[in-house]
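See structure below.
4 protein chains.
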Amino acid sequence: MSGNTFGKAFRLTTFGESHGPAVGAVVDGCPAGLELGENDIQQELEKRRPGQSAVSTKRAEPDHVEILSGVFEGKTTGAPIAMLIRNVDVDSSAYTDIKDLLRPGHADQGYFEKYGFRDYRGGGRSSGRETAGRVMGGAIAKKLLSLKGVHVYAHTTSIYDVRAGDVTLDDIIANTYSNTVRTADLSVVKEMEEAILMAKRDGDSVGGTVEAVAVGVPPGLGEPVFGKLDADLAGALMGIGAVKGVEIGLGFKASSLRGGEMNDEFHMENGEIKAITNNAGGILGGISNGMPIVCRIAVKPTPSISRPQRTVNVKTMEDAVIEITGRHDPSIVPRVVPVIEAMVSLVLADHMLMGGRIGPEKV
Amino acid sequence: MSGNTFGKAFRLTTFGESHGPAVGAVVDGCPAGLELGENDIQQELEKRRPGQSAVSTKRAEPDHVEILSGVFEGKTTGAPIAMLIRNVDVDSSAYTDIKDLLRPGHADQGYFEKYGFRDYRGGGRSSGRETAGRVMGGAIAKKLLSLKGVHVYAHTTSIYDVRAGDVTLDDIIANTYSNTVRTADLSVVKEMEEAILMAKRDGDSVGGTVEAVAVGVPPGLGEPVFGKLDADLAGALMGIGAVKGVEIGLGFKASSLRGGEMNDEFHMENGEIKAITNNAGGILGGISNGMPIVCRIAVKPTPSISRPQRTVNVKTMEDAVIEITGRHDPSIVPRVVPVIEAMVSLVLADHMLMGGRIGPEKV
Amino acid sequence: MSGNTFGKAFRLTTFGESHGPAVGAVVDGCPAGLELGENDIQQELEKRRPGQSAVSTKRAEPDHVEILSGVFEGKTTGAPIAMLIRNVDVDSSAYTDIKDLLRPGHADQGYFEKYGFRDYRGGGRSSGRETAGRVMGGAIAKKLLSLKGVHVYAHTTSIYDVRAGDVTLDDIIANTYSNTVRTADLSVVKEMEEAILMAKRDGDSVGGTVEAVAVGVPPGLGEPVFGKLDADLAGALMGIGAVKGVEIGLGFKASSLRGGEMNDEFHMENGEIKAITNNAGGILGGISNGMPIVCRIAVKPTPSISRPQRTVNVKTMEDAVIEITGRHDPSIVPRVVPVIEAMVSLVLADHMLMGGRIGPEKV
Amino acid sequence: MSGNTFGKAFRLTTFGESHGPAVGAVVDGCPAGLELGENDIQQELEKRRPGQSAVSTKRAEPDHVEILSGVFEGKTTGAPIAMLIRNVDVDSSAYTDIKDLLRPGHADQGYFEKYGFRDYRGGGRSSGRETAGRVMGGAIAKKLLSLKGVHVYAHTTSIYDVRAGDVTLDDIIANTYSNTVRTADLSVVKEMEEAILMAKRDGDSVGGTVEAVAVGVPPGLGEPVFGKLDADLAGALMGIGAVKGVEIGLGFKASSLRGGEMNDEFHMENGEIKAITNNAGGILGGISNGMPIVCRIAVKPTPSISRPQRTVNVKTMEDAVIEITGRHDPSIVPRVVPVIEAMVSLVLADHMLMGGRIGPEKV
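Protein chains in written order, with my numbering: chain F, 98 to 460; chain Z, 98 to 460; chain D, 98 to 460; chain Y, 98 to 460.
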């Protein structure tokens, strides 16, 4: 079955493997007339580009994007927008030794069982490198959303046992991409870096959490039953590699509350209906209510660790020990932050086009 | 936009409002030759039927299902299977008084903004009653899965501040539907009931958590990038009304672990590749790995509470106070349990048909 | 695979078998606020209702429609609209004798090969009775289109060797449903009836052609490459049972013309861009150009004929002779006319909602 | 709305404009393990490559394909296969002069109305050059089908008033690509060429017809109601630019027959059920019956002609005269032949994967 396309009205298809010739994306359904240049894509790619600091992988990819179609005289035409980045710093040597060994915590076993055959170099399609395609698509979604006053931000809220304190939207905007760990609370940057580097020194890795916030989202986005906005967000976010949990609003905390504590009451404010609190995280009954959308995402530690691990050799079908020596992020959390922004933007752009504010929900 | 159909190969469309003439479902894509009778549907509907105990709503619906198509001489024909239950115990009087008041914690505001118009009686389409359609569809998915040795179970793991202890699969199978709160740990049934009834006496409600387990799932289900099995599960579960969080495997706990703690190592066991632990919850890289699939779901407290709440009258656009007097579940958790089973079953059946074990993933 | 849903934004799912308890339809994606009653559906169903004349089947079905959901206080709510008609005049006796014989010209062999099992009574799902569901869905599409000034008409242009003369739009509107053969040229009604009745007397059947015209269609409907308006129309029309050919505009005639004869030149007319001719039939490059959309459809003779035909018994796997004695239309052409209107209306409504005039094709 | 993806299980997305940097395609859903190299794609592209003879455009494109993903060690991995060809011989000068003039018979007006903006160079996305992407996708579909013994052939049956005589399958296989007009009847090659060249000399163009035949198609492909095989074929073929009509089997001829003439009777032949004739063209009730699938397609004359034509200037909104001087095919028919093969192959591969012979139609 085909499963590399995301969205209904604003559709993103990604392609490419970690150690193949290129990774890329095709966006279909972008309205005509949007000003768009390679710069718009490039600046988002820069946020996830590898090789930028000690807490990230040493693979150094320029990730220079080329737009192949769909833009004419600086504007989108309504035609599909294909984007391409060539893989440059490919070193597959580390994978030849382990090509018959299933890496614990990775997709290797599933691919092997499903396809009977896999591109073992760097995870192939299941590599984090595939998310470059999502960021390309997300960049266009972001541009489209910004025209409607919608802005999406993500930031690291914890790494291992280091938790960021409370931050404001201004903190998030100002600080997130100013530091290597992508946190909005600058007071914990050092500690977070240290947690990552300590794990790295131990041949290990660490997980963390990320919060995403979307502001300016109009009420009315989301379908009532199976295309709920929160369902689509949860699917989009859980579908990022290494994500193991997603919450909207108070999330799991809501499960130990009473209705009187959880419900967001309404009042009139300057002639507009306003919720007084935002425990729901901006979505009720699957439909946006005009409050900021707030999600929290759990990211597991990078499965590629250099410590010896027990595994199985699929050629000999015998027990084996694997030591992974490729170049890896000791924590994937900082590099997931822009991917989360991309996925949230894709979901929102899709629902905007499906009829939240623009489309035909009413006759 | 249309948003009332779920799935790609095994597709469920639900219809009907809480206080309209009927609710129903159409399943399209069920293979021919499956033995199926109204009994198979009815027994699942019984698990979510209202009016069964003091901890549930007093609305007493017989929920008698009629199969309208797709079954001939006791077997499915491959044609769409339409199923219908008539609404019988409809009392809309409680809603007339509050038809212009937005109920806090409900979908009212979103529907109002989106459609400019809504069936205010009992929540209309956003009512929990819609989930009867999901249970009907899920019943067929369950039957199909059971032919392949796949079984799906859900059980209540907490209500408000009462947490169930550790349970075995046998406990889950034996106990869950033997008690009103749908927990597998019989030692906490009384406490859970009391937590619900206490909230009810206070005109309030409580939330809780539910765990879902799928056993017998073959490796290889799930698409690699955007149709990941965990993404589809997260979307399916977050799309149930009142759900605010979803975890797979260790979930949020994974965010404060190191890779060496999180990774599930492999070894050979009776000639088969086996993961030694199941921290991943049966899914890696979006593809099932043959281990049990384990999800945890956070359910918020029922938003309908009888205590006065601040709100807004959309006719006068003035502040108002609402007191909700309809018949409601003081905790929706026990009644969500069979709905969660249905949604997990629908996702698994869909992926089975899309090519996990049956279809054409390999030439 | 599931294949009983039509459309992307305005989606119709049909269900039900010829000799089962009921046939029905669910429309998902109809905007809220459309005035709609059972009458709107019933009047379209009347146009295809069986048992109305000597040239049609003797099966007498009241085809009384019930709306089960999606309409509140006389208006659509945006929720799915489920519609049901019960099968009343079911007589399956004629089919018991031939249940192991493949009827020539019917879907029997395909269903047998595909599903290994079929509801042999009256063709089951492949019966023309399924089109009642399409007419129900089409009735809602028609109502929606009429709000935008779009109107869809079909009329019989030939039966066997009897051809209707040229007619005007006024003729089509005034005459089509005033006669049993659904032609706009009243001068050929008798001859067409006679062609049908003569075939009937011979235990045989006849085919014919139908033209569909859609007026008021705004320019800009249709997607550029794979969702072309003409492609979707061709798919929709060829997907009606018994249809073997579809043309748009000059159709096959265009293949023996030169470009200078075929091209529709433009000029200004009252300040508007107008094509001077309409050889293209209202669609160029897959996108409507504002001219009337014109299609022609070839309908084969009803495959159910009472003359003995050679066939095979699938139980004994031996040659056999079949004589079909059920109640059948000696020509299906007149009853296909409203189905063609329904399908064209569904395609146009779908494209209107996808973004022709309402949606977000431009930023 | 997005409309550049074709298929459900075997999905093709095309991108690129005639005068942009590149055209390309992404195939998602191809099973793993298929042997595939750039050669397989290239040989199909050669069949439609421009600049090969006097009857085709003078634009000389090498159309060298690069596979960017989804193939590893000479085999598909199940991941999306992205393919790219760079546009090399781009000369947009002829279009600058006419950028505000609507070309009669082209998509210009529709694009202008729909998007308010268009890439006017060579038709942009609506150019025949887009079909290179279809041929790339079709090449993979063909390879997949050939593994199952399914082969698809198209050949020119008429150009303007020159009709090919009856041909055998062997003629089609041996002759079609041996001549410039892609006909299987070698006796009419000269006449067909002359018809094209005469039109060219007159600054005009000609249409024609093409027949497609698919042999080895197993019975059981096609969905019963809305995913019928003939409906999908008709949609796929009508969606090729310049196609104005599609027939299956006897097509329009069936409309003037009686059932006794049209029905294909059955008999046993070497232990197998066989239809004695193939008037149905291999599809009944939307499902393949094991006989060869036969379609006929009407292609209009190329709309780009150099003779002066009346039109409108969209900038001044005044009447104007257009003379088109770009490089064009005086008949598009020969170059449509491989595109038709591609589209038929895509439809068949899609249905094979959806469950005709491989998938789960039966439990």
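Note that the Cβ used here is the ideal one computed from N, Cα and C, for glycine as well.
* Asked: With a cut-off of 8 Å, do at least 3 Cβ pairs link the region 343–350 of chain Z to the region 369–381 of chain Z?
  -> Yes, they touch.
* To do: Starting from Lys196 of chain Y, find everything on chain F with Cβ-Cβ shorter than 7 Å and list it in chain order.
  => Translated into the one-based positions of the fourth sequence, residue 196 of chain Y becomes position 99. Those within 7 Å of Lys196 of chain Y in chain F number zero; the least Cβ separation is about 11 Å.
* Asked: Quick one: does Thr111 of chain F have its CB under 9 Å from some CB of chain Y?
  -> Reading the first sequence from its first residue, position 14 is the one you call residue 111 of chain F. It does; some Cβ of chain Y falls within 9 Å.
* Asked: Where Pro431 of chain Z and Met359 of chain F are concerned, what is the direct C-alpha to C-alpha distance, given to the nearest angstrom?
  -> Stepping through the second sequence from its first residue, residue 431 of chain Z is reached at position 334. Stepping through the first sequence from its first residue, residue 359 of chain F is reached at position 262. In a straight line, the C-alpha of Pro431 of chain Z is about 19 Å away from that of Met359 of chain F.
* Just checking my contact of Val152 of chain Z with Val278 of chain Z at CB under 8 Å: how many whole Å lie between their CB atoms? -> Numbered from 1 along the second sequence, position 55 holds the residue referred to as residue 152 of chain Z. Numbered from 1 along the second sequence, position 181 holds the residue referred to as residue 278 of chain Z. By a beta-carbon distance limit of 8 Å, Val152 of chain Z contacts Val278 of chain Z. Their separation comes to about 7 Å.
* **Beta-carbon contacts of Val168 of chain Y that lie in its chain and below 8 Å, excluding the five residues immediately before and after** => Sequence index remark: in the fourth sequence, residue 168 of chain Y carries index 71 (1-based). Counting only Cβ-Cβ distances below 8 Å, and skipping sequence neighbours, we find Leu133, Gly134, Thr174, Ile178.
* **chain F within 9 Å of Asp267 of chain Y, Cβ atoms only** => Locating residue 267 of chain Y in the fourth sequence gives position 170, counting from the first residue. When Cβ-Cβ separations below 9 Å define contact, Asp267 of chain Y makes no contact with chain F.
* Ile293 of chain Z classed as buried or exposed, judged by whether at least 16 other C-beta atoms fall within 10 angstroms -> Here the question's residue 293 of chain Z lines up with position 196 in the second sequence. Answer is buried; the Cβ neighbour count reaches 16.
* Asked: Going by Cα to Cα distance, which pick from F:Val264, F:Glu290, F:Asp301 is closest to Gly356 of chain Z?
  -> Residue mapping note: residue 356 of chain Z aligns to position 259 of the second sequence, counting from 1. When F:Val264, F:Glu290, F:Asp301 are compared, the shortest CA-CA separation from Gly356 of chain Z is found for F:Asp301.
* According to the neighbour-count rule (16 or more other Cβ atoms, all chains shown, within 10 Å of its Cβ), is Thr408 of chain Z buried or exposed? -> Taking the first residue of the second sequence as position 1, residue 408 of chain Z is located at position 311. Thr408 of chain Z is buried by the Cβ-count criterion.
* Asked: Which one of Z:Ser275, Z:Asp416, Z:Lys412 has the shortest CA to CA distance from Asn367 of chain F?
  -> Your numbering for residue 367 of chain F matches position 270 in the first sequence. The option with the nearest alpha carbon to Asn367 of chain F is Z:Asp416.
* Roughly how many angstroms separate the alpha carbons of Met440 of chain D and Lys325 of chain D, rounded to a whole number? -> Position 343 of the third sequence, counted from the start, is the residue given in the question as residue 440 of chain D. Position 228 of the third sequence, counted from the start, is the residue given in the question as residue 325 of chain D. Met440 of chain D and Lys325 of chain D have their C-alpha atoms some 15 Å from each other.
* To do: Tell me, please, which residues DSSP counts as bridged to Val307 of chain Y.
  => Along the fourth sequence, one-based indexing puts residue 307 of chain Y at 210. Val307 of chain Y is bridged by DSSP to Y:Thr253, Y:Ile394.
* Secondary structure of His425 of chain Z, DSSP reduced to three states -> Start at 1 with the first residue of the second sequence, and residue 425 of chain Z comes out as number 328. Coil.
* To do: Could you work out which residues of chain Z lie near Ala176 of chain Y, taking near to mean beta carbons separated by less than 8 Å?
  => Counting from one through the fourth sequence, the residue named residue 176 of chain Y turns up at place 79. Those are Pro321, listed as they occur along chain Z.
* Within the region 295–361 of chain F, note down every full alpha helix (DSSP H) run reaching 4 residues or more, in order along the chain. => Entirely contained in the region 295–361 of chain F, the alpha helix (DSSP H) runs reaching 4 residues are, in chain order, 326–335, 356–359.
* Would you call His116 of chain Y buried or exposed, if buried means 16 or more other Cβ atoms sit within 10 Å of its Cβ? -> What you label residue 116 of chain Y is simply residue 19 of the fourth sequence in a count that begins at 1. Buried, because 16 or more other Cβ atoms sit within 10 Å of the Cβ of His116 of chain Y.
* Please check if any C-beta of chain C sits within less than 9 Å of the C-beta of Ser153 of chain Y. => In the displayed structure, chain C is absent; the protein chains listed are F, Z, D and Y.
* To do: Pull out every residue of the region 245–278 of chain Z whose Cβ sits closer than 8 Å to any Cβ of chain F, in chain order.
  => Within the region 245–278 of chain Z, the residues whose Cβ lies closer than 8 Å to some Cβ of chain F are Ser255, Tyr257, Asp258, listed in chain order.
* With a CB to CB cut of under 6 Å and the five nearest residues on each side skipped, what residues in its chain are close to Ser224 of chain Y? -> As a working mapping, residue 224 of chain Y is identified with position 127 in the fourth sequence. Within the same chain, Ser224 of chain Y has close Cβ partners Ser115.
* Asked: By Cβ distance, which residues of its chain are closer than 7 Å to Val247 of chain Z, with the 5 residues on each side in sequence left out?
  -> Your numbering for residue 247 of chain Z matches position 150 in the second sequence. Cβ neighbours of Val247 of chain Z beyond the five flanking positions: Ala311, Gly313, Val314, Leu445.
* Asked: Should the region 106–113 of chain Y be called in touch with the region 281–290 of chain D, which here means at least 3 C-beta pairs below 8 Å?
  -> Taking one beta carbon from each stretch, the region 106–113 of chain Y and the region 281–290 of chain D have fewer than 3 pairs nearer than 8 Å; the two do not touch.
* **Limits of the beta strand (DSSP E) - the one that Gln406 of chain Z falls within** => Locating residue 406 of chain Z in the second sequence gives position 309, where the first residue counts as 1. That run of the beta strand (DSSP E) goes 406–410.
* To do: Use the C-beta contact count for Gln140 of chain Z: other C-beta atoms within 10 angstroms, 16 or more gives buried, fewer gives exposed.
  => For this step, residue 140 of chain Z is matched to residue 43 along the second sequence. Exposed.
* Asked: Going along chain Y in order, which residues have a C-beta closer than 8 Å to the C-beta of Lys172 of chain F?
  -> Looking up residue 172 of chain F in the first sequence gives position 75. Residues of chain Y passing the Cβ test: Phe214.
* By Cβ distance below 7 Å, which residues in the same chain neighbour Ser442 of chain Y in space, the five residues on each side in sequence not counted? -> The sequence position of residue 442 of chain Y within the fourth sequence is 345, counting from 1. Close CB contacts of Ser442 of chain Y within its chain, under the 7 Å cut and outside five residues either way in sequence, are with Gly235, Ala238, Lys239, Leu242, Val249 (chain order).
* Asked: Cβ of Gly202 of chain F within 9 Å of Cβ of Pro435 of chain F?
  -> To locate residue 202 of chain F, count along the first sequence from 1; it is residue 105. To locate residue 435 of chain F, count along the first sequence from 1; it is residue 338. At the C-beta level, Gly202 of chain F and Pro435 of chain F stay beyond 9 Å of one another.
* Asked: Are Pro147 of chain Y and Glu163 of chain Y closer than 9 Å when you measure CB to CB?
  -> To locate residue 147 of chain Y, count along the fourth sequence from 1; it is residue 50. To locate residue 163 of chain Y, count along the fourth sequence from 1; it is residue 66. No, the pair does not count as a contact, with Cβ atoms beyond the cut-off.
* State yes or no: is the beta carbon of Lys239 of chain Z nearer than 9 Å to at least one beta carbon in chain Y? => Counting from 1 along the second sequence, the entry for residue 239 of chain Z is found at position 142. Judged by the 9 Å Cβ criterion, Lys239 of chain Z is not in contact with chain Y.
* Which residue's Cα is closest to the Cα of Phe112 of chain Y: Y:Ala261, Y:Ala229, Y:Met295, Y:Gly387? -> For the purposes of this step, residue 112 of chain Y is identified with residue 15 of the fourth sequence, where counting begins at 1. The shortest Cα separation from Phe112 of chain Y among Y:Ala261, Y:Ala229, Y:Met295, Y:Gly387 belongs to Y:Ala229.
* What's the gap between the Cα of Asp361 of chain D and the Cα of Ala372 of chain D? -> Mapped onto the third sequence, residue 361 of chain D falls at position 264. Mapped onto the third sequence, residue 372 of chain D falls at position 275. Those two C-alpha atoms are separated by around 6 Å.
* Of the choices F:Glu210, F:Asp205, F:Leu165, F:Arg218, whose alpha-carbon is the least far from that of Ala189 of chain F? -> By one-based count along the first sequence, residue 189 of chain F stands at place 92. Contrary to the premise, residue 189 of chain F reads as Ser rather than Ala in this sequence. With distances taken between Cα atoms, Ser189 of chain F lies closest to F:Arg218.
* Asked: Going by the C-beta, is Arg260 of chain Z closer than 8 Å to any heavy atom of the ligand ADP?
  -> Of the ligands one can find in the structure shown there are none, so the ligand ADP has no counterpart to examine.
* Cβ of Lys105 of chain Z less than 9 Å from any chain Y Cβ? -> In the second sequence, counting from the first residue as 1, residue 105 of chain Z sits at position 8. With 9 Å as the cut-off, Lys105 of chain Z counts as an interface residue toward chain Y.
* CB contact below 9 Å: Ile384 of chain Z versus chain F -> Working through the second sequence from its first residue, we reach residue 384 of chain Z at position 287. With 9 Å as the cut-off, Ile384 of chain Z counts as an interface residue toward chain F.
* To do: Return the CA-CA distance between Val396 of chain D and Ala261 of chain Y, expressed in angstroms with no decimal places.
  => Counting from 1 along the third sequence, the entry for residue 396 of chain D is found at position 299. Counting from 1 along the fourth sequence, the entry for residue 261 of chain Y is found at position 164. Going from the Cα of Val396 of chain D to the Cα of Ala261 of chain Y covers about 26 Å.
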